[in-house]
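Notes follow once the structure below has been shown.
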Amino acid sequence: MYKRFFLMAALCCFFVINLYTQNTDEKLEADNPNSPAYKIESVEYSIKGFTKERPLSSKIPIDKKRIFFSREEFDAYIAELNTEFHNMRTIESYEITFDFLEPQNNITPVKLKIYVKDTWNIIALPYPSFDSNRGLQFKLKLKDFNFLGSLEPLTMDLIYNRNNEGKSSFEFGTGFALPFHINPVKFLWTTNAEISIDEDKKFGFDFGTGLSASYKLGVDWLTLAAGITQDIKVSASPSEKDYYLTNGFYTSLVFDIYKDQTLGTITWTPYFGIDGNWKFKEMTNEEKKGLNINWSHSFGMGKVNWINNFRQGFTVNIDNSYKYNTYKKGNVDVSFNLQTKGFYSFLERVGLYGRFDFFYNLFGKTSSEHTGKILRGILNKRIETDTAFSFNFDVPIKIGVFKWEEITGVEWTRFFGFELHITPFFDMALVHDKNTDTYYNPKHGWYSGGFEIIMYPIKMRSIYARISYGHDLREIKNKDGYAKRDGKPVSEIFIGIGLHY
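The sequence shown begins at 112 in my numbering and counts up by one.
As structure tokens, this is what we get:
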């Protein structure tokens with residue numbers, strides 16, 4: 112097993128070096144001293160809204176080192192920047208202009224001017240949320256998708272929960288992320304806190320914070336990242352009280368192997384992390400003992416662009432991870448995961464979306480969350496498996512745009528305008544069925560179908576409201592609402608904010 116692992120690592124390194132060398136050779140071939148050349152010398156931002164210049168330039172970096180050896184190459188780069196700014200849903204509109212300055216040493220300096228107008232990024236409203244896996248929630252929600260102009264979110268929720276067993280609880284949670292720079296290092300500080308209490312007088316408190324840093328190691332294609340985390344959890348009930356703290360450290364290297372306008376950036380990311388629980392007295396909970404050692408590496412590629420409220424493009428991600436607990440010992444938890452997504456739209460009214468996911472856990476370790484979350488119409492806990500092929504297929508259809516200001520003539524109603532999509536979908540999964548001990552047999556597969564209603568607010572591009580209904584297709588004729596297969600409910604409903612994938 113170890114020989115195979117080191118062989119795989121060596122092949123990955125060879126693949127990285129080969130592709131990077133190929134990319135470098137292509138750039139050198141384009142270096143023709145007789146052709147006009149351009150180089151971005153300065154960037155001037157004009158921002159209408161809360162967004163700060165530094166976070167914006169960090170999210171969409173402008174390459175001031177690159178020399179463009181033709182006007183076509185320069186125009187292609189500007190087109191890429193236009194696409195990047197359009198894909199930022201926290202921005203309502205933008206414009207990129209440029210001035211050519213006096214040539215120096217056969218290179219024309221370029222002054223770039225970027226105008227940006229924020230979209231409305233703050234929501235503060237009470238609304239019901241429902242998920243068949245968790246039950247009913249009534250939320251008083253405040254969310255800022257551009258907290259302090261950082262292009263990072265702030266969330267505050269006051270929640271009433273009523274789970275599927277009919278028990279009630281209250282929660283208050285908040286979290287935020289703030290980026291900052293100490294040149295040339297980028298930092299991100301994250302913090303979250305949650306307090307909960309239920310009808311049985313069980314109290315919970317969770318506070319976590321973390322600091323991550325990233326730094327380019329002298330070249331644009333290699334980034335070192337590292338971070339630390341600290342967490343404290345407290346639980347109390349009439350019968351017992353407990354607490355524990357968790358400390359963690361992680362680091363990763365991001366290799367930008369190859370960049371292409373269509374393929375996006377092909378990356379390889381090896382990762383190592385370690386975390387452990389502790390307290391000021393003896394740890395009695397067996398599940399919390401020991402250090403957790405995590406190692407993984409992943410390949411990623413692809414690019415997805417927004418075309419109005421449709422998406423176009425694809426992504427591919429391959430991940431291989433290893434986890435080991437020093438107290439439990441035993442086998443190393445090894446898992447493989449492949450996920451691809453594809454998006455295509457036409458006629459500015461219809462789209463074809465798909466997602467394929469494969470995972471495999473060695474040594475028979477099962478998971479109900481992985482595949483269960485992918486399938487709409489099948490409750491998460493119904494699928495317990497160590498491997499699965501899963502597939503989503505969606506056909507979003509644009510129904511219309513509702514501009515209430517134009518309809519009613521009342522100015523303030525412009526904040527409630529939205530574009531409406533209805534999306535029929537089909538989901539399926541072929542799994543390792545534990546009852547028959549068969550693998551990927553369509554006879555024992557999971558199949559569901561249904562539809563989603565998605566609203567894209569016109570004035571709030573960063574927010575999506577979604578209602579989803581899915582049904583187990585094996586139980587279409589079922590009248591009592593419980594599956595013959597396992598006695599669980601045969602449908603799943605979601606009402607809330609955010610896209611499924």
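All residues carry an ideal CB built from backbone N, CA and C; glycine is no exception.
Residues of its chain near residue i, where Cβ-Cβ distance is below 7 Å and the 5 sequence neighbours each way are ignored
i	result
T549	H555
T614	There is simply no residue 614 to check, as the chain begins at 112 and stops at 612 in what is shown.
L322	F298, W300, G338 and I339
N396	none
V330	none
S479	N491, K492, I494 and E495
R273	G246, L247 and S279
Y558	M539, L584 and R585
Neighbourhood of residue i by C-beta, 8 Å cutoff - its chain only, sequence neighbours within 5 removed
i	result
I569	V512, K514, R525, G528, F529 and E530
V521	W515
W332	Y131, F366, D367 and I368
E152	K175, L212, P220, V221 and K222
I189	I207 and F209
E164	Y156 and I158
Straight-line gap, residue i to residue j (C-alpha atoms, nearest Å)
i	j	result
N503	T534	12 Å
S456	K509	11 Å
T426	W523	39 Å
L236	L253	7 Å
A288	D597	42 Å
K414	P290	24 Å
Y238	H582	25 Å
K159	I202	10 Å
S279	K224	54 Å
G453	N546	33 Å
Y271	I604	18 Å
K613	Y205	In the structure as shown, the chain begins at 112 and stops at 612. Residue 613 is therefore absent and cannot be evaluated.
F249	R422	31 Å
K484	S325	31 Å
M119	D430	Note that M119 scores 47 on pLDDT, short of 50, meaning its location in the model is unreliable; the coordinates nonetheless yield the value given after this. Using only the alpha carbons, I get a separation of about 13 Å.
I343	E398	16 Å
E191	E563	32 Å
L265	M571	16 Å
Y435	K390	21 Å
S346	F281	15 Å
L259	P507	34 Å
For residue i: DSSP bridge partner residues
i	result
H543	Y550
E613	Nothing in the structure corresponds to residue 613, since the chain is present only between 112 and 612.
E530	V512 and Y567
A324	F298 and A337
D430	S409 and N448
L289	W300
K414	F425
S579	E563 and F605
N403	D386 and N436
M626	Nothing can be reported for residue 626, as the shown portion of the chain is limited to 112 through 612.
D210	K222
N503	R466 and D538
Nonlocal neighbours in the same chain, by C-beta distance under 6 Å from residue i, ignoring five residues either side
i	result
K327	T334
I306	F283 and F316
Y433	W406, V443 and V445
K370	T376
G411	T378 and N428
D242	F605
Burial state of residue i (16 or more Cβ within 10 Å)
i	result
V601	buried
L610	exposed
T354	According to the sequence displayed, residue 354 carries Tyr and not Thr. It is exposed - the Cβ of Y354 has fewer than 16 other Cβ atoms within 10 Å.
Q215	exposed
N472	buried
S350	exposed
G359	buried
E393	exposed
P553	exposed
H292	exposed
E263	buried
D311	exposed
I518	exposed
S363	buried
L458	exposed
D255	buried
D591	exposed
N416	exposed
Cβ distance (whole Å) where residue i is taken to contact residue j below 8 Å
i	j	result
L402	I418	So it is not a contact: roughly 47 Å between Cβ atoms.
E584	G560	Here the sequence assigns Leu to residue 584, which means Glu is not the residue at that position. Right, their Cβ atoms sit about 5 Å apart.
Y149	F185	5 Å
I178	V154	Incorrect: roughly 16 Å between the Cβ atoms, too far for contact.
Y567	Y575	6 Å
Residue i beta carbon near the ligand GDP (any heavy atom closer than 7 Å)
i	result
F185	Summarising the ligand content, the structure contains no ligands, and the ligand GDP is consequently not present.
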